[in-house]
Amino acid sequence: MTQQSENLLSRLKNQYGTLSKGQKRLAAYIMEHYDKAVFMTAARLGEEVGVSESTTVRFAAQLGYNGYPEFHRALEELVINRLNSIQRMEVTYGRMPEEKILDTVLQSDIDKIKLTLEQIDRDAFRTAVEDILQAETIYVVGIRSCAPLASFLSFYLNQIFDRVRLVTTNSASEIFEQMIRISQKDVIIGISFPRYSMRTLKAMEFANNRNAKVITLTDSVHSPMNLYSSCNLVARSDMASIVDSLTAPLSVINALVVALCMKRQTEVMETLTTMEKIWDEYQVYSSDEINYLDSKMKLNLAETRQEA
């Protein structure tokens, strides 16, 4: 459990005696029904307990938080660490009508991108770009549900840089074997969201001990992934159901790739030109992969390419 969620519980217990009658009802409800409270606004939580919205806001301040949003983030941390996957699915689907799932999930993803845009550290983003540009070798690690993000990032980094290594493994020992030559000249990008991967954390600890630059992409400044990182990229990944949304993290990765491409335009253009020639020579994208409507369309497409 993270320090922030521990603080929330300890604050509720330690300050319970100093709270007003209405605030005590709020504290009791949260300790017993935190899995439901996490989905509530200040007004909705107050309504559920039978107090005003202003009382709920003052309650958050009384606990030492800078307003309800900061209190709510602490509550999210608590829920993420306490609920298992089945419980999270039950909580979510219990409050979401089936006919509203598509709209609700897509709108939730939109909100996560907006929150990420508002809260992400621009200086950290610029530092990440510069560290990657200056690295001799770039290591990328993401385990389990974060593996697709790591694979996506490494795929595009390979089109920009010569030495990119995607660390893919099922055991901690294999991670160290793949990173045995990492040094202060290198950078590692660790991607992890709840539930956090201990193997990813160990990889970043190993890199940090070798004086490599460590960049993290995770969901909170309180994430354990930031223990060994000098550059933290935070993207919101609040729970939507049995899985966490990776929409905002993927957007941050897209922005990172675009920023790097802008810095290395000449190299990227040379790589893409070479790849186009290889694709044509070896018919990578041929008719067995693209369903042409008829042979005339295929012929017209070939003529267009020749004219271009």
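For the numbering used here, add 34 to where a residue sits in the sequence shown, where the first one is 1. From the three backbone atoms N, C-alpha and C, an ideal C-beta is built for every residue, glycine too.
Is residue j closer than 8 Å to residue i when the C-beta atoms are compared?
i	j	result
L191	V201	no
I312	R233	no
I147	S285	yes
L280	I223	no
A241	M213	yes
A246	S217	yes
T161	A269	no
Q96	L42	no
M74	E82	yes
V174	A237	no
F93	Q57	yes
S226	M259	yes
So residue i is in the beta strand (DSSP E); what residue range does that whole segment cover?
i	result
V175	I172 to G176
I222	V221 to I225
N100	Looking at the DSSP string, N100 is not in any beta strand (DSSP E), and its letter there is neither H nor E.
V268	C265 to V268
Taking the alpha carbon of residue i as the reference point, which residue from the options has its own alpha carbon closest?
i	options	result
F189	I312, V72, G56 and V291	V291
L343	E87, S231, Y68 and N260	In the structure displayed, the chain extends from 35 to 342; residue 343 sits before or after that span and is not available.
Q153	E82, R107, C295 and M74	R107
A293	R78, K70, K47 and V163	V163
I287	L261, D157 and L251	L251
D155	V255, D314, Q49 and L46	V255
S179	P283, Y50, E310 and Q317	P283
E111	P228, G51, T305 and D196	P228
E170	D196, A158, D157 and N100	D196
Would you decide whether residue i is buried or exposed? Buried here means 16 or more other CB atoms lie within 10 Å of its CB.
i	result
S44	exposed
K219	exposed
L136	exposed
D253	buried
V19	Since the first residue of the chain shown is 35 and the last is 342, residue 19 is not available in this structure.
M303	exposed
M296	exposed
Y102	buried
I64	buried
Y262	buried
L306	exposed
Please list the terminal residues of the continuous alpha helix (DSSP H) segment that includes residue i.
i	result
V302	Q299 to E315
T252	Note, T252: premise wrong, no alpha helix (DSSP H); beta strand (DSSP E) at K247 to T252.
V156	For the record, residue 156 in the displayed sequence is Arg; it is not Val. From DSSP, the alpha helix (DSSP H) with R156 extends over R156 to Q168.
V83	A76 to V83
R199	Element bounds for R199: not the alpha helix (DSSP H) but the beta strand (DSSP E), V198 to V201.
H67	K55 to A71
T213	The sequence as given places Met at residue 213; Thr does not occur at that position. M213 -> no alpha helix (DSSP H), and no H or E assigned at all.
Q141	I135 to Q153
T234	M232 to N243
S188	A181 to L191
Since residue i and residue j are thought to touch, with beta carbons under 8 Å apart, how far apart are those beta carbons, to the nearest angstrom?
i	j	result
Y230	S271	Y230 to S271, Cβ: 11 Å. No contact.
V113	V139	Their Cβ separation, rounded to whole angstroms, is 18 Å, which puts V113 and V139 out of contact at 8 Å.
G80	T89	6 Å
R298	I194	5 Å
L235	I249	With 8 Å as the limit, L235 and I249 do not qualify as a contact, their Cβ atoms being about 14 Å apart.
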